[in-house]
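Residue numbers (the working numbering), protein chains in the order written: chain A, 1 to 332; chain B, 1001 to 1251; chain C, 2001 to 2293.
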Amino acid sequence: MSVGALSRRSLAWVVPVLLLLVILPFVVEPYQTVLLSYGLVFAIAALGFNLLLGYTGLLSFGHSAYFGVGAYAVAFIVKYLKIESMVVFVFGGIAAATAVAAVFGFLCVRYTRIFFGILTLALSQVLWSLAFKFFWVTGGTDGLRVPTPKLLGGAVRMAVGPSADKQDFLSRRYYYYVLVLFIICVAVMWLIVHSPFGKALQAIRDNETRAEFVGVQVWHYRWVAFLISGAFTGLAGALWVPLNGLTTPDILHWQFSGEMVFFTVLGGFQTFFGPVVGAIVFNYLKTFAVGYTVYWQMLLGVVLVVLVLVLPAGIVGTVNRLALRLRGTPAT
Amino acid sequence: MSILETRQLTKYFGDTHAVDHVDFAVAQGEVLALIGSNGAGKTTLVNLISGLIPVDSGTVLFEGNDITRASIHRKIELGIARSFQLVNLFDQLTTLDNVALAVFSRDGKTRRLLTVSDADTAVRDEAMSVLQQFGLDARARMMAGGLSQGERKLLDVAVAYALKPKLLFLDEPTSGVSTREKAPIMDIITSVVRSGRITAVIIEHDMDVVFTYCPRIVAMHQGAILADGTPDQIRTNEQVTANLLGAQAGP
Amino acid sequence: MDILLIHILNSLLYASVLFLIAGGLSLIYGVMRIVNLAHGNLYAFGAYTTAWAVGRALGNAPAASPALYLLLPVGALAAAAVGAVLEPTLLRPLYRRAEEYQLLITFGLLLILEDVLRLIWGPYPLSVSALYEALGSLSIGESIYPTYNLVVIVVGGAAALGLWAFIYRTQFGVVLRATSQNMRMASALGVNVNRVYIEAFTLGCFMAGLGGAIVVPQQGAVLGMGVDALILAFVVVVIGGLGSLEGALIGALMVGVVREFGITFFPEVELAVLYLMAAVVLLIRPAGLFGRT
Chain A
1 MSVGALSRRS LAWVVPVLLL LVILPFVVEP YQTVLLSYGL VFAIAALGFN
51 LLLGYTGLLS FGHSAYFGVG AYAVAFIVKY LKIESMVVFV FGGIAAATAV
101 AAVFGFLCVR YTRIFFGILT LALSQVLWSL AFKFFWVTGG TDGLRVPTPK
151 LLGGAVRMAV GPSADKQDFL SRRYYYYVLV LFIICVAVMW LIVHSPFGKA
201 LQAIRDNETR AEFVGVQVWH YRWVAFLISG AFTGLAGALW VPLNGLTTPD
251 ILHWQFSGEM VFFTVLGGFQ TFFGPVVGAI VFNYLKTFAV GYTVYWQMLL
301 GVVLVVLVLV LPAGIVGTVN RLALRLRGTP AT
Chain B
1001 MSILETRQLT KYFGDTHAVD HVDFAVAQGE VLALIGSNGA GKTTLVNLIS
1051 GLIPVDSGTV LFEGNDITRA SIHRKIELGI ARSFQLVNLF DQLTTLDNVA
1101 LAVFSRDGKT RRLLTVSDAD TAVRDEAMSV LQQFGLDARA RMMAGGLSQG
1151 ERKLLDVAVA YALKPKLLFL DEPTSGVSTR EKAPIMDIIT SVVRSGRITA
1201 VIIEHDMDVV FTYCPRIVAM HQGAILADGT PDQIRTNEQV TANLLGAQAG
1251 P
Chain C
2001 MDILLIHILN SLLYASVLFL IAGGLSLIYG VMRIVNLAHG NLYAFGAYTT
2051 AWAVGRALGN APAASPALYL LLPVGALAAA AVGAVLEPTL LRPLYRRAEE
2101 YQLLITFGLL LILEDVLRLI WGPYPLSVSA LYEALGSLSI GESIYPTYNL
2151 VVIVVGGAAA LGLWAFIYRT QFGVVLRATS QNMRMASALG VNVNRVYIEA
2201 FTLGCFMAGL GGAIVVPQQG AVLGMGVDAL ILAFVVVVIG GLGSLEGALI
2251 GALMVGVVRE FGITFFPEVE LAVLYLMAAV VLLIRPAGLF GRT
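Take a look at the structure:
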């Protein structure tokens, strides 16, 4: 991924898209805004996930762990600390997810590829089964409810009570809260992947041995990447709970990990914005399809197989290639 | 004092001595060739010293320090670098980025998370100057995966060179490259090595290259050192001609 | 004392099934360097197919006749057939590509198979306990033990022996081992690597299907059994080493024992104990007890 030409062109898209995102609540019905909020939340998770896959070459099948830990952290803050401030939720979610990522990462990053994938899957399943077994703590399958939080420590007036107000809250104030955090996440991740650290990660992805022989301690860097990835995904989980109102063990299950893999690949894991696009598109796809068929997993599976065989660059990747070809530049 | 010294360095693969109690020393600033038929132990010796594989017994001393069990990272910090026989590059990074990464790493800047790498002009300029020395500056913005074989071999060396090492191991820098390209590549390498006052150990099969560019030659056979001397001494050494050059003899 | 014996037998039962699944996984990896994430679903497919076939037959027959037991391998054959179709169509195109794609496509397969099972057989479990009960039980001291379990143990042991003989004593086994050690060399020597691959893959799937087939009378076929089995199979190969059949056997035995005694004495954390064991092995011997990298 060369920064120069492609990034400048990507950035040209950014301004109109941003404008669109900002004025959205005023032009569409609240349901659509809330739906997009979910998309933005998953996009943040996708950014975190792809730091590992696209930039470090590590395919995790257990990222639901960090999303779920972020979500449950929020639920625990509500249940046990009786705090309902979004700021605390955000920090708590990030802290908890990063802590778990630190431990899991320590175990997982000494391996690559297959073993890495297996380990991440197994560890996330352990968390899932714990969420079940310790139902007196986690609420078991009923889950834990989370009410609408105070934004910015109560500085923003919020609505409690009838669902109409709640929807208004979600589609206006909460949407902008999520949007701002989304923009911050995109900016931070963009910096990270274009930093010397980011280059070191890509070097590790391309050639682990050479990276070691250039003085980059592979294990170390992978671990740090894992932490950052966990933090972003945990933040997404923390943002998700107030939207959903509830967190259940499902969010820790490998199925959700699979969805994260799917939407990242769908958008194109070899590009920066691919996973973001993939997450948002996926969110719409799922909302649409779930109403039509029970065999949602099969649909995902088929699309994934087709993507791998035919369109490995994903949506954004393929668009990029077409754009390059239209310009007459040979695709590198 | 020798910059590098090995004492009774040994490595077994199963029952075979890939490297058999080798005593070997290199003086600072030397440019020497390591020759031998396939399986003689040259690459294994370099792999042991550079840290790619662990030592079974014996010691490796670098500038007097025992680095036998030191980590790869530590060895690089101390000033040892190497290139690879089968080109090892970061194919999805640009030529410039390949070298820049080495510079960033050397300067300890790879820890920086929140600064844009392209914005670091000092590193970029230094990387460009390395590319110029290797004649690769025209390819700076090209993906390393898209370079020609000769260019890739040069880049492989350039990346190691960018670490500003004191001791540089070059593993068959001209293998897989057409005969006409060999001399230009070796010219660049030797000029860069001399001007940087780098000690270089070059594994090579092409005896023309060896005799032309290397004032000292160490010949290995079945894991041990067979002979060690100047090109003339090696050329006239009977054991060497029997075991190695015989196979290379041509019209 | 009899209780101990029963625990041991249960461990062996468990290990038998695990060996078939993990052994298949390891075999495929050993020969082809592929990890099929849908492997557990082939085990599930074997279970469902057998349960269905036997159930249909039972519908006609008055009672469980011995002939019905001959139907058990149906699941194994079905799984093998699926494998024989999958390898050339979905896996072969990816051998030259980065490993991530192989994982992604087999993951897609996992998702597809999960829903295929639901599509064909619905969301409710299938059971053929008639076959299980028909064999009655044995007395062990003062306790009784289902005879069928012993059948499973015997089948597992026979499979281990048969596989060992096949790989170390037959011509095909030699070819298999050569290909697994050095694919290019084998190919240069005239081995038809494509055929070896499809045969190895089919054999691995056969084993997984067989595991499902023999266990289904004892525990029925239920959605989700595939991934549960996959994760346990992974624990087995982590401990035993990926690519090694001895490793799969030892790993299966260890997991079988730990799980049996874990369920009895520490039911809450039985799963965690298993993972702990795997984590310890990974830290000490990353390639597994018998593994090669």
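All residues carry an ideal CB built from backbone N, CA and C; glycine is no exception.
As the structure is a computational prediction, the values presented were derived from the model and not from experiment.
- Query: Assuming Val308 of chain A contacts Ile2105 of chain C under a Cβ cut-off of 8 Å, what Cβ separation, rounded to an integer in Å, is found between them?
  - Reply: Distance from Val308 of chain A to Ile2105 of chain C at the Cβ level is roughly 5 Å; contact confirmed, criterion being Cβ atoms closer than 8 Å.
- Could you list which residues in chain A have their beta carbon closer than 8 Å to that of Gly2231 of chain C, in chain order? A small correction: the amino acid at residue 2231 of chain C is Ile; Gly does not occupy that position in the sequence shown. Ordered by position in chain A, the residues that pass the 8 Å Cβ test against Ile2231 of chain C are Leu121, Ala122 and Gln125.
- With 8 Å as the C-beta to C-beta threshold (strictly closer), list the residues of the stretch 2118 to 2131 of chain C near chain A in chain order. Against chain A - using a Cβ distance shorter than 8 Å - the residues of the stretch 2118 to 2131 of chain C are Arg2118 and Leu2119.
- Query: Would the beta-carbon of Gly2251 of chain C fall within 8 Å of that of Ile2239 of chain C?
  - Reply: Yes.
- Indicate whether at least one CB of chain A lies closer than 8 Å to the CB of Phe2234 of chain C. So, interface residue.
- Thinking C-beta only, is Leu2018 of chain C closer than 8 Å to Ala2233 of chain C? Judged by their CB atoms, Ala2233 of chain C and Leu2018 of chain C are nearer to each other than the 8 Å cut-off.
- Message: Using only CA atoms, which one of C:Leu2058, C:Glu2199 and C:Val2035 lies nearest to Leu2103 of chain C?
- Response: Comparing Cα positions, the closest option is C:Val2035.
- Mind listing the chain B neighbours of Arg210 of chain A? Cutoff is C-beta to C-beta under 8 Å, in chain order. Listed along the chain, the chain B residues whose CB falls inside 8 Å of the CB of Arg210 of chain A are Phe1084, Asn1088, Leu1089, Phe1090 and Val1159.
- Query: By Cβ distance, which residues of its chain are closer than 6 Å to Val241 of chain A, with the 5 residues on each side in sequence left out?
  - Reply: Taken in chain order, the residues that qualify are Ala71, Val74, Val146 and Thr247.
- Task: Count the other CB atoms, across all protein chains shown, that sit within 10 Å of the CB of Thr1121 of chain B; report buried if there are 16 or more and exposed otherwise.
- Result: By the beta-carbon neighbour count (other beta carbons within 10 angstroms, threshold 16), Thr1121 of chain B is exposed.
- Message: Distance check for Arg2033 of chain C and Phe67 of chain A, CA to CA, integer angstroms please.
- Response: Approximately 31 Å between the Cα atoms of the pair.
- Item | Distance CB(Ile1188 of chain B)-CB(Thr1174 of chain B) smaller than 8 Å | Taking 8 Å as the Cβ cut-off, Ile1188 of chain B and Thr1174 of chain B do not qualify as a contacting pair.
- Message: Is Leu51 of chain A close to chain B? Criterion is C-beta to C-beta, closer than 8 Å.
- Response: It does not: the Cβ of Leu51 of chain A has no partner Cβ on chain B nearer than 8 Å.
- If Ala279 of chain A and Ala43 of chain A are in contact, beta carbons under 8 Å, what's the gap, nearest whole angstrom? Indeed, because the Cβ distance is near 4 Å, the residues count as touching under 8 Å.
- Task: Step through the CB atoms of chain C and report whether any lies within less than 8 Å of the CB of Ile183 of chain A.
- Result: Between Ile183 of chain A and chain C, the shortest Cβ-Cβ separation is not below 8 Å.
- Message: What ranges does the beta strand (DSSP E) occupy inside the stretch 1065 to 1148 of chain B, keeping only unbroken runs of at least 3 residues that lie completely in it?
- Response: Counting only runs of 3 or more, we get 1080 to 1082.
- Message: Please determine whether the Cβ atom of Phe2045 of chain C lies at a distance below 7 Å from any heavy atom of the ligand ZN.
- Response: The ligand ZN is absent from the structure shown, which contains no ligands of any kind.
- Message: Mapping the DSSP letters down to three states, classify His1221 of chain B as helix, strand or coil.
- Response: His1221 of chain B: strand per DSSP, three-state reduction.
- Query: Between Asp206 of chain A and the rest of its own chain, which residues show a CB-CB distance below 8 Å, the 5 nearest in sequence each way excluded?
  - Reply: Excluding residues within five positions, the ones whose Cβ falls inside 8 Å are Gly57.
- Using beta-carbon positions only, say whether Ala102 of chain A and Thr233 of chain A come within less than 8 Å of one another. Cβ atoms of Ala102 of chain A and Thr233 of chain A: not closer than 8 Å.
- Task: Could you tell me which chain A residues have their CB closer than 8 Å to the CB of Phe1134 of chain B, listed as they occur along the chain?
- Result: None at all; the shortest Cβ gap to chain A is about 16 Å.
- Do the stretch 312 to 320 of chain A and the stretch 282 to 302 of chain A meet, that is, are 3 or more Cβ pairs less than 8 Å apart? With a cut-off of 8 Å on Cβ pairs, the stretch 312 to 320 of chain A is not in contact with the stretch 282 to 302 of chain A, counting fewer than three such pairs.
- Item | Residue interval of the beta strand (DSSP E) (run including Leu1167 of chain B) | Where Leu1167 of chain B is concerned, the enclosing beta strand (DSSP E) starts and stops at Leu1167 to Asp1171.
- Task: Assign Ile1198 of chain B to one of three DSSP states: helix, strand, or coil.
- Result: In the three-state reduction of the DSSP assignment, Ile1198 of chain B falls in the coil class.
- Query: Buried or exposed: Trp136 of chain A, going by 16 or more other Cβ atoms within 10 Å of its Cβ?
  - Reply: By the neighbour-count rule (16 or more Cβ atoms within 10 Å), Trp136 of chain A is not buried but exposed.
- Task: Check Thr1016 of chain B in the structure and name its three-state DSSP category.
- Result: DSSP places Thr1016 of chain B in strand when its eight states are reduced to three.
- Collapsed DSSP secondary structure at Val160 of chain A in the structure displayed: With a pLDDT of 47 at Val160 of chain A, under the threshold of 50, the modelled position of this residue cannot be trusted; read the value that follows with caution. If DSSP states are grouped into helix, strand and coil, Val160 of chain A belongs with coil.
- Task: Leaving aside the five residues before and after Gly1064 of chain B along the sequence, list all residues of the same chain whose C-beta is less than 6 Å from its C-beta, in chain order.
- Result: Once the five neighbours on either side are set aside, Gly1064 of chain B has no close Cβ partner at all.
- Message: Rounded to the nearest angstrom, what separates Leu191 of chain A and Phe197 of chain A at their Cα positions?
- Response: The C-alpha of Phe197 of chain A is placed about 10 Å away from the C-alpha of Leu191 of chain A.
- Could you check which residue in B:Thr1179, B:His1221 and B:Leu1155 has the C-alpha nearest to that of Leu1244 of chain B? Nearest option by C-alpha distance: B:His1221.
- Could one say the Cβ of Ile1203 of chain B lies closer than 8 Å to chain A's Cβ atoms, at least one of them? Taking Cβ atoms only, chain A never reaches closer than 8 Å to Ile1203 of chain B, which makes this a no.
- Query: What are the residues of the stretch 271 to 294 of chain A that lie near chain C, defined by any Cβ-Cβ distance shorter than 7 Å?
  - Reply: Within the stretch 271 to 294 of chain A, contact with chain C at the beta-carbon level (separation under 7 Å) is assigned to no residue.
- List the residues of chain B that Ile44 of chain A touches, going by C-beta distances under 8 Å, in chain order. Residues of chain B passing the Cβ test: none, with the nearest at roughly 18 Å.
- In angstroms, rounded to a whole number, what distance separates the CA positions of Ala159 of chain A and Phe169 of chain A? Per-residue confidence for Ala159 of chain A stands at a pLDDT of 46, beneath the threshold of 50, marking its modelled position as unreliable; the derived number appears in the next sentence. Distance between the alpha carbons of Ala159 of chain A and Phe169 of chain A is about 6 Å.
- Give me the Cβ distance between Leu1089 of chain B and Arg210 of chain A, rounded to the nearest whole Å; I'm assuming they're in contact under 8 Å. Distance from Leu1089 of chain B to Arg210 of chain A at the Cβ level is roughly 7 Å; contact confirmed, criterion being Cβ atoms closer than 8 Å.
- Considering only C-alpha positions, which residue in the set C:Phe2261, C:Val2281 and C:Val2054 is nearest to Leu2126 of chain C? Looking at the Cα atoms, C:Val2054 is the closest of the given residues.
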